[in-house]
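First up is the structure itself, then whatever we jot down about it.
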Amino acid sequence: MNILIPTPLRPFAGGQNVLQVEAGTVGEAIHALTGAHPELRRHLFTPEGKLRAFVNLYLNEDDIRYLPDKENTRVSAADSLSIIPSIAGGSDRRGGRGFGAMQINP
Amino acid sequence: MSILRLPRFVYDEIRAHGEETYPHECCGALLGHPAPEGWRIVASVRADNTRTDSAHNRYQIAPVELVHIQRTARRQGAEIAGFYHSHPDHPPQWSPTDFAEAHWLGSSYVITEVAQGKAGRTNSFLLAGTTEEDKHFEDEAIVMDDESIGAPSA
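Chains A and B supply the protein sequences, listed in that same order.
When the letters of the first sequence are read in order and numbered with the working numbering, they come out as residues 10 to 115.
When the letters of the second sequence are read in order and numbered with the working numbering, they come out as residues -1 to 152.
Put into structure tokens, the structure is as follows:
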């Protein structure tokens, strides 16, 4: 199966944007990936071995966190696994939401 | 200092997006190619802000949308080079939340101030470093076509 490597992790994956691995499950695919490119491990997992909270793994269109078998989900050669770091942020501006401000009666 | 090179139509598009979503934050991705001095952008892709609970000061792009954007980039022979969002009625400087939630090392984070519905200054910051532990934002100059917009200003 193919594993799509996001831009920030490519330096730790031999500079490649797609890697092919042979695996029967999502977990085996990740194991094969980090076995071939050990530097990826610390970017994907905490020191305790848990998937970092901001790292999303998508099997085709599905977040593996919400698949019934999670990392034990079976995969085929036609599947693709995407590694997607999250994107979020914001100004932290305090104050109103622009409209719908609450009225407080004295 | 690294340089983010943007075509004018991309610069105009991300600023227009911020005006359209005002008073909420807009967000999207930048597709491009690496260059010696920084990213050379070829296109932007709009994304939905999923933080509808606090869209005036927060943004988030659904991961599945990023999966689609990543596929689009591959089809175009480009890479996800960075992301943009707006700061409604707030300066175009990265916030503690912007920093805490930034995980695309080596990518450009572009912020446009939108004051009373009108796009103001647009700044870019490179997320430098090699790990979550040593990541940091560096000011980045924006060059639009052949015209320098300059380094981030407060």
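The C-beta atom is built at its ideal place from N, Cα and C for all residues, glycine as well.
Note that the coordinates shown come from a computational prediction; the quantities given were computed from them, not determined experimentally.
**Request:** Quick one: grab the DSSP three-state call for GLY107 of chain A.
**Result:** Within the first sequence, numbered from 1, the residue matching residue 107 of chain A stands at position 98. Its pLDDT being 43, under 50, GLY107 of chain A is placed unreliably in this model, and the coordinates cannot settle the point.
**Prompt:** Name the residues in the stretch 28 to 44 of chain A whose C-beta lies less than 7 Å from a C-beta of chain B; which are they?
**Reply:** Residues of the stretch 28 to 44 of chain A whose Cβ lies closer than 7 Å to any Cβ of chain B: none.
**Prompt:** Are PHE21 of chain A and GLU48 of chain A touching if we call contact CB-CB under 7 Å?
**Reply:** The residue given as residue 21 of chain A occupies position 12 in the first sequence. The residue given as residue 48 of chain A occupies position 39 in the first sequence. Yes; because the gap between Cβ atoms is below 7 Å, this pair is in contact.
**Request:** For ALA22 of chain A, return the contacting residues in chain B, with the cut-off set at a CB-CB distance below 9 Å.
**Result:** The residue given as residue 22 of chain A occupies position 13 in the first sequence. Going along chain B, no residue has its Cβ under 9 Å from ALA22 of chain A, so there is no contact; the nearest lies around 13 Å.
**Asked** What separation, rounded to the nearest whole angstrom, lies between the Cα atoms of ALA110 of chain A and GLY104 of chain A?
**Response** What you label residue 110 of chain A is simply residue 101 of the first sequence in a count that begins at 1. What you label residue 104 of chain A is simply residue 95 of the first sequence in a count that begins at 1. For ALA110 of chain A, the predicted structure reports a pLDDT of 34, less than 50, and the residue's modelled location is therefore unreliable. A value from the coordinates is still provided. The straight-line gap from Cα to Cα measures roughly 10 Å.
**Prompt:** Hey, does SER100 of chain A have any beta-carbon neighbour from chain B nearer than 7 Å?
**Reply:** Translated into the one-based positions of the first sequence, residue 100 of chain A becomes position 91. Yes, because at least one Cβ of chain B sits closer than 7 Å to the Cβ of SER100 of chain A.
**Message:** Between which residues of its own chain and SER95 of chain A is the CB-CB distance below 7 Å, once the five residues before and five after are set aside?
**Reply:** Along the first sequence, read from residue 1 onward, the residue named residue 95 of chain A stands at position 86. PHE63 and ASN65.
**Request:** With THR34 of chain A as the anchor, note down where its beta strand (DSSP E) starts and where it stops.
**Result:** Counted from its first residue, the first sequence places residue 34 of chain A at position 25. Segment: none, THR34 of chain A is in no beta strand (DSSP E) and carries neither H nor E.
**Message:** Tell me the rounded alpha-carbon separation between LEU29 of chain B and GLY36 of chain A.
**Reply:** Counting from 1 along the second sequence, the entry for residue 29 of chain B is found at position 31. Counting from 1 along the first sequence, the entry for residue 36 of chain A is found at position 27. Each residue's Cα considered, the two are about 30 Å apart.
**Request:** Quick one: residues in its chain with C-beta nearer than 6 Å to the C-beta of GLY16 of chain B, no 5 flanking neighbours on either side, listed in chain order?
**Result:** Sequence index remark: in the second sequence, residue 16 of chain B carries index 18 (1-based). Apart from sequence neighbours up to five positions away, the residues of its chain that approach GLY16 of chain B with a beta-carbon distance below 6 Å are CYS24, SER84, THR110, VAL112 and ALA117, ordered along the chain.
**Any C-beta of chain B under 7 Å from that of THR16 of chain A** = On the first sequence, position 7 is the one that residue 16 of chain A refers to. Chain B, which has a Cβ nearer than 7 Å to the Cβ of THR16 of chain A, makes this yes.
**Message:** If you follow the beta strand (DSSP E) that GLN29 of chain A is in, where does it begin and where does it stop?
**Reply:** Locating residue 29 of chain A in the first sequence gives position 20, where the first residue counts as 1. Run containing GLN29 of chain A: 27 to 29, per the beta strand (DSSP E) assignment.
**Item:** Candidates A:ILE93, A:ARG102, A:ARG83 and A:ARG19, of which the one nearest HIS46 of chain A by Cα
**Value:** As a position in the first sequence, residue 46 of chain A is number 37, starting the count at 1. Ranking the options by Cα distance to HIS46 of chain A, first place goes to A:ARG19.
**Prompt:** For GLU63 of chain B, which residues of its own chain have a beta-carbon under 8 Å away from its beta-carbon, when the five flanking residues on both sides are left out?
**Reply:** Start at 1 with the first residue of the second sequence, and residue 63 of chain B comes out as number 65. Same-chain partners within the cutoff: ALA45 and ASP46.
**Message:** Does the structure place the stretch 47 to 58 of chain B close enough to the stretch 1 to 11 of chain B that three or more beta carbon pairs sit under 8 Å?
**Reply:** In this structure the stretch 1 to 11 of chain B does not lie against the stretch 47 to 58 of chain B, because fewer than three pairs of beta carbons, one per stretch, are closer than 8 Å.
**Request:** Ignore the nearest five residues each way along the sequence and tell me which others in GLY127 of chain B's own chain have a CB closer than 7 Å to its CB.
**Result:** Along the second sequence, one-based indexing puts residue 127 of chain B at 129. Hits under 7 Å: LEU103, LYS133 and HIS134.
**Request:** With DSSP as the reference, label TYR57 of chain B as helix, strand or coil.
**Result:** Position 59 of the second sequence holds residue 57 of chain B. Here TYR57 of chain B sits in strand by DSSP.
**Proximal residues to PRO150 of chain B (C-beta, below 6 Å), its chain only, five neighbours per side dropped** = In the second sequence, the residue the question calls residue 150 of chain B occupies position 152. Setting aside the 5 residues that flank it on each side, PRO150 of chain B is surrounded in the same chain by ASN121 and ASP137, each with a C-beta closer than 6 Å to its C-beta; the list follows chain order.
**Prompt:** Using the beta-carbon count (16 or more within 10 Å), is HIS101 of chain B buried or exposed?
**Reply:** Your numbering for residue 101 of chain B matches position 103 in the second sequence. Burial check for HIS101 of chain B: the Cβ neighbour count within 10 Å reaches 16 or more, so the residue is buried.
**Asked** What's the C-alpha gap between GLN58 of chain B and VAL30 of chain A?
**Response** Taking the first residue of the second sequence as position 1, residue 58 of chain B is located at position 60. Taking the first residue of the first sequence as position 1, residue 30 of chain A is located at position 21. In a straight line, the C-alpha of GLN58 of chain B is about 31 Å away from that of VAL30 of chain A.
**Request:** Pull out every residue of the stretch 54 to 68 of chain A whose Cβ sits closer than 7 Å to any Cβ of chain B, in chain order.
**Result:** Answer set for the stretch 54 to 68 of chain A: PHE63, ASN65 and TYR67.
**Asked** Cβ of SER89 of chain A less than 7 Å from any chain B Cβ?
**Response** Taking the first sequence and counting its residues from 1, one reaches residue 89 of chain A at position 80. No, because no Cβ of chain B sits closer than 7 Å to the Cβ of SER89 of chain A.
**Request:** Give a yes or no on whether the minimum CB-CB distance between ASN114 of chain A and chain B is below 7 Å.
**Result:** Against the first sequence, residue 114 of chain A aligns to sequence position 105. Since pLDDT at ASN114 of chain A reaches only 37, below the 50 mark, its modelled position is unreliable, and no value is offered.
**Message:** Can you tell me which residues form a DSSP beta bridge with CYS25 of chain B?
**Reply:** In the second sequence, residue 25 of chain B corresponds to position 27, counting from 1. As DSSP reads the structure, CYS25 of chain B sits in a beta bridge with B:ALA45 and B:HIS83.
**Message:** For a test of the three-state rule: what should DSSP assign to TYR107 of chain B, helix, strand or coil?
**Reply:** By 1-based counting over the second sequence, the position of residue 107 of chain B is 109. Strand at TYR107 of chain B.
**Request:** Compute the Euclidean distance between the alpha carbons of LEU42 of chain A and VAL27 of chain A, then round it to the nearest angstrom.
**Result:** On the first sequence, residue 42 of chain A is found 33 positions in, with the first residue counted as 1. On the first sequence, residue 27 of chain A is found 18 positions in, with the first residue counted as 1. Each residue's Cα considered, the two are about 11 Å apart.
**Prompt:** Does PRO77 of chain A have its Cβ less than 7 Å from a Cβ in chain B?
**Reply:** Here the question's residue 77 of chain A lines up with position 68 in the first sequence. False, the Cβ-Cβ gap to chain B never drops below 7 Å.
**Request:** Run down chain B in chain order and give the residues with a C-beta less than 8 Å from the C-beta of GLU70 of chain A.
**Result:** Locating residue 70 of chain A in the first sequence gives position 61, counting from the first residue. Near GLU70 of chain A (Cβ distances below 8 Å), the residues of chain B are VAL62 and VAL65.
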